[in-house]
Amino acid sequence: MTTSATDTHGDDRLLVLPFYIVVDVSLSMSVPQGGDKSAIQAANEILPTVIDGIEASPTLGDVVRLGAVDFSDDARVVLRLDDVRNVNPIPQFTVRGATSYAAAFRLLRQEIEKDYAQLRGDNYKAYRPAVFFITDGEPTDDQSDIVAAYNELTDPSFKLRPNLIPFGVGTATKDQLDQWVYPKEGSKKPMRSYVMRDGADPAKAITKVAEILLSSVIASAQSVSEQGSGGGFVLDDEDLDSDWN
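This is the structure:
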């Protein structure tokens with residue numbers, strides 16, 4: 001992998017890959033199910049795992065930008081999109097409240113717009129972001145509100161609309177999460193949802209999410225290095241185990 005990637009069409013700005021981790025921090029995430037560790041404890045290992053993996057390869061740090069958002073009744077920025085080599089200390093997710101997908105989608109749109117404006121101001125060129133969306137159950141807000149917020153986030157006229165990959169643990173179902181995948185099946189590069197199989201330990205399943213995220217970061221950075229502006233986000237789930245559907 002080279003130390004940087006630039007546009008192959010004459011734009012000499014460094015190309016970067018933004019990733020967002022979005023975590024459900026509703027109260028149910030604090031209850032261990034099938035093991036000693038709760039889902040929120042496992043979620044709090046995602047950022048350290050991914051950051052350690054990126055820091056182990058200086059070339060990844062040049063290309064990858066990482067941000068984190070949590071959501072319950074509302075949504076909050078946990079980590080502003082940044083070069084992970086600047087992150088110290090690593091923030092923690094803390095449980096509170098219910099489960100509003102709409103709040104998460106709305107805040108994501110706002111933050112993506114802000115973050116990309118900052119990247120442009122810093123003379124970077126960025127691919128469309130990838131969002132890893134982790135939840136342990138069905139939302140508690142109104143379906144019409146969620147649909148409206150999702151449609152704003154994935155509006156085809158919104159050039160920064162993200163690749164959206166939901167991960168469901170606990171009582172989250174595939175039928176529920178498939179609604180929030182983007183791009184959907186039938187698109188040129190569709191994404192998909194992942195749902196923990198019945199009986200699996202949510203904490204162990206979330207640990208696997210960190211591995212998929214890190215392998216996707218590496219595969220995406222390799223794509224950028226090799227293809228420049230023709231590269232982009234690569235969802236790498238080859239190591240997914242039988243705990244996921």
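For the sequence shown, full-length UniProt numbering assigns the number 1 to the initial residue and increments by one for each residue that follows. Glycine residues also receive a C-beta, built at the ideal position from the N, C-alpha and C atoms. Please read all numbers here as calculations on a predicted model, not as lab measurements.
- Task: Determine which residues share a DSSP beta bridge with V23 and list them.
- Result: Partner(s): D70 and I134.
- Query: Which same chain residues, not among the five before or five after V23, have their C-beta less than 6 Å away from its C-beta?
  - Reply: Here V23 has A43, D70, F93 and I134 as same chain residues with Cβ atoms under 6 Å from its own Cβ, once five neighbours each way along the sequence are excluded.
- DSSP on L15, reduced to helix/strand/coil? Strand at L15.
- Task: Evaluate L27 with the Cβ neighbour count: other Cβ atoms within 10 Å of its Cβ, from every protein chain shown; 16 or more gives buried, anything less gives exposed.
- Result: Exposed: under 16 other Cβ atoms inside 10 Å.
- Going by the beta-carbon positions, is the gap between D82 and R109 smaller than 8 Å? Taking 8 Å as the Cβ cut-off, D82 and R109 do not qualify as a contacting pair.
- Limits of the unbroken alpha helix (DSSP H) element including A39: Per DSSP, A39 belongs to the alpha helix (DSSP H) from A39 to A43.
- Message: Considering only their Cβ atoms, is the gap separating L164 from V16 smaller than 8 Å?
- Response: No, Cβ-Cβ distance for V16 and L164 is not below 8 Å.
- Query: Which term fits G199, buried or exposed, when burial requires 16 or more other beta carbons within 10 angstroms of its beta carbon?
  - Reply: With fewer than 16 other Cβ atoms inside 10 Å of its own Cβ, G199 counts as exposed.
- Within 10 angstroms of the Cβ of G230, are there 16 or more other Cβ atoms? Answer buried if so, exposed if not. Under the 10 Å beta carbon count, G230 is surrounded by fewer than 16 other beta carbons and is classified as exposed.
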